[in-house]
Each structure stands twice: as structure tokens, then as C-alpha cells.
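Chemist:
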Amino acid sequence: MIRAFVIGHPIAHSRSPLIHGTWLSTYGIAGSYEAIDVIPEALPALIARLRAGEFAGGNVTIPLKEQVAGLCDRLDPLAETIGAVNTLVVRNAELRGFNTDFMGFLGNLDQNAPGWSADLDEAIVLGAGGAARAVLVALRERGIGTIHLLNRTLDKAQALAAAMGNTVHPAPLDAFARLAPRAGLVANTTSIGMHGTGFAGLALEHLPKTALVTDIVYVPLETPLLACARALGLRTVDGLGMLLHQAVPGFEAWFGVRPEVTPQLRALVEATL
Ligand code: ATR
18 MIRAFVIGHP
28 IAHSRSPLIH
38 GTWLSTYGIA
48 GSYEAIDVIP
58 EALPALIARL
68 RAGEFAGGNV
78 TIPLKEQVAG
88 LCDRLDPLAE
98 TIGAVNTLVV
108 RNAELRGFNT
118 DFMGFLGNLD
128 QNAPGWSADL
138 DEAIVLGAGG
148 AARAVLVALR
158 ERGIGTIHLL
168 NRTLDKAQAL
178 AAAMGNTVHP
188 APLDAFARLA
198 PRAGLVANTT
208 SIGMHGTGFA
218 GLALEHLPKT
228 ALVTDIVYVP
238 LETPLLACAR
248 ALGLRTVDGL
258 GMLLHQAVPG
268 FEAWFGVRPE
278 VTPQLRALVE
288 ATL
């Protein structure tokens with residue numbers, strides 16, 4: 018039986034076992050996918066079990082995504098750029114690390130806003146943490162010419178922009194109103210929107226009527242940012258699809274079937290939020 022895992026700490030609330038477990042039964046695969054609570058000190062021992070052949074691979078979540086990158090034999094170039102690994106695959110006795118968050122971001126928008134990147138010249142990314150890196154890599158993949166990276170702490174936006182190349186332009190959050198009229202996409206990568214928080218004074222009304230607003234936060238499913246965008250008649254895509262789509266490449270690598278993100282799967286996961 019092929020076994021896979023999700024490791025992190027805490028791990029009890031991870032939706033990954035539900036996602037992968039649903040796919041295992043949908044495709045009739047005799048495999049397992051389990052959540053294992055692993056603290057940073059225990060990571061080397063878990064990796065030793067993986068190398069010994071107990072598992073085909075697994076997902077990695079907070080707080081292990083950066084640490085695990087240093088334990089892989091080989092990193093996918095995009096995992097290296099993002100600086101974090103969320104998917105591990107053992108192949109030919111080699112431990113390989115991938116980051117599928119950027120594919121989750123693209124898969125979500127491709128499914129829920131088809132054609133979104135076709136005529137997109139300028140985008141605004143909110144936040145400059147780990148999640149912002151994956152979103153910037155995704156937008157770079159699609160050849161978006163100008164990306165404004167807005168962050169509360171300007172220093173962090175400047176450092177990340179410098180690391181990402183010359184299409185990324187750092188700015189403070191209050192530059193939003195000035196930049197909005199030319200932006201076709203706004204992506205929130207910060208944790209704002211969780212626990213009743215919201216952006217103060219983000220002038221969404223300055224966006225073009227055709228703009229798309231998306232959020233990586235999925236609890237709540239409709240963040241205040243998305244609610245405001247919807248009230249203005251803008252297109253919105255919530256963050257749940259990113260969680261579902263980032264799981265696709267791992268499942269395919271471990272179990273040999275490329276799984277589909279269906280409305281039924283989404284509804285199952287949505288019911289647990
Ligand atoms: P992750 O790796 O999940 O992206 P992170 O590295 O802690 O998490 O980054 C969190 C991001 O959310 C940062 O861009 C942070 O802004 P700062 O760099 O100024 O800290 C942003 N963020 C979190 N809480 C915020 C708040 N209340 N207001 C504005 N930005 C916030």
C-alpha cells in the first residue's frame with residue numbers, strides 16, 4: 018500500500034487528509050494519507066522514515082516548510098526561488114522537494130476566472146511574506162509585465178522585489194489608491210481577513226470595473242476584501258480553490274493519477290470551514 022502524509026505543527030485542523038482521502042476513494046486507490054504532528058526537532062527523524070521507504074512522500078506545512086528544504090537531496094527550481102517546500106516526493110532513492118502553492122494559485126484562477134491572465138498588464142500583490150513569494154512566482158510564470166508589491170513594512174517589500182527581478186515594484190499599502198486605476202488583478206497574500214480583521218481604507222473603488230480580486234485566506238470564505246469587491250461589482254475568486262489545487266501535483270506524484278478538483282470536493286471541504 019502506498020502511504021503519504023502531511024506533517025506540521027499543529028496539524029489537527031489540516032484539510033489535506035480529507036482532500037487526499039476523498040481522491041483515494043474516488044479513484045479506488047489502495048493508499049493512505051495521514052496527518053502526523055511533527056515539531057521542528059522531530060523533523061530529521063521523520064525524514065529518515067521517509068528515506069527508509071515507509072512513505073512515497075507527503076505535504077509539509079507550517080512551521081516546517083523552510084526547514085525541510087535544507088533536508089532534500091534536490092529542490093525544484095521554483096521551490097528554491099520560493100524558499101519553501103510544501104511537497105516531498107521520493108524517487109530513485111532521492112528526496113525531492115517541490116512547492117506547489119504557485120500552481121494552486123494558478124489552478125484556482127484558471128478554473129474560476131478562465132482567461133484571467135490573457136490581457137493582464139498590471140497586478141497588485143498585498144503582503145511580502147512566504148505566501149507572497151509563491152504568488153509572485155505564479156504571476157511571473159504568466160508573464161505579467163508590472164507587479165506592484167504593497168506591504169505594511171516597506172523594507173520587506175523592497176527586499177522581496179529585489180529578489181524577484183525587475184517586474185516587481187515595491188510600495189507601501191497607501192500607494193493602493195494611486196496604483197489601482199491600472200490594476201487588473203489584486204491578490205491578498207497576508208493573513209488579513211482572518212479572525213475578523215480587514216484592510217483599513219483600501220480604496221477598491223479606484224480599480225477598473227473589469228478587475229479581479231482574489232484572496233489566499235479561505236476562513237472565512239468571503240473575506241471583508243472579497244465582500245467589498247463583490248459589492249462594487251468586481252470579479253472575485255476566494256482562497257479555497259488554491260488549497261484544493263496545490264494538492265493535485267503531490268497526489269499525482271505519489272499515487273499515479275492526476276486528480277480532479279470537482280465542485281463535490283469543494284463542497285466537502287467547504288462544509289468543514
Ligand atoms: P506567510 O509566510 O504566511 O506569508 P508572513 O511571512 O508572516 O506569513 O507574512 C505575513 C504578511 O502579512 C506580511 O506581509 C505582513 O506584513 P509585514 O511585513 O508588515 O509584517 C502582513 N501582515 C500581517 N498582519 C498584518 C496587518 N495587521 N496589517 C498589515 N499587514 C499585515
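First residue of the sequence shown: 18, per our numbering; consecutive thereafter. No residue lacks a Cβ here, since even glycine has one placed at the ideal position from N, Cα and C.
1. Can you give the Cα-Cα distance for Leu-190 and Ala-174, rounded to whole angstroms?
2. Can you tell me which of Pro-80, Ala-47 and Ser-42 puts its alpha carbon nearest to the alpha carbon of Ile-28?
3. With a 10 Å radius around its C-beta and 16 neighbouring C-beta atoms as the bar for buried, classify Pro-280 as buried or exposed.
4. Under 7 Å, do Ala-200 and Ile-164 count as touching if we go by C-beta distance?
5. Excluding sequence positions up to five away, which residues of its chain have a Cβ less than 7 Å from the Cβ of His-26?
6. Can you give the Cα-Cα distance for Met-4 and Asp-118, rounded to whole angstroms?
7. Buried or exposed for Leu-238, going by 16 or more other Cβ atoms inside 10 Å?
8. Since Val-85 contacts Gly-114 with CB under 8 Å, what's their CB separation in whole angstroms?
9. Could you name the residues of the same chain whose beta carbon sits closer than 6 Å to that of Ile-46, not counting the 5 residues immediately before and after it, in chain order?
10. What residue does the beta strand (DSSP E) around Thr-163 start on, and which one ends it?
11. Taking just the CA atoms, how far does Phe-122 sit from Asn-129?
12. Of the choices Ile-24, Gly-38 and Met-211, whose alpha-carbon is the least far from that of Leu-63?
13. Buried or exposed: which applies to Ser-33, given that a residue is buried once 16 or more other Cβ atoms fall within 10 Å of its Cβ?
14. At what residue ranges does the segment 114 to 175 contain a whole run of the beta strand (DSSP E), taking only runs of 3 or more?
Modeler: Checking against the coordinates, here is how it stands:
1. 10 Å
2. Pro-80
3. exposed
4. no
5. Asp-54, Val-55, Ile-56 and Pro-80
6. This structure does not reach residue 4, given that the chain is present from 18 up to 290, and the question cannot be answered.
7. exposed
8. 7 Å
9. Phe-272
10. 163 to 168
11. 11 Å
12. Ile-24
13. buried
14. 139 to 143 and 163 to 168
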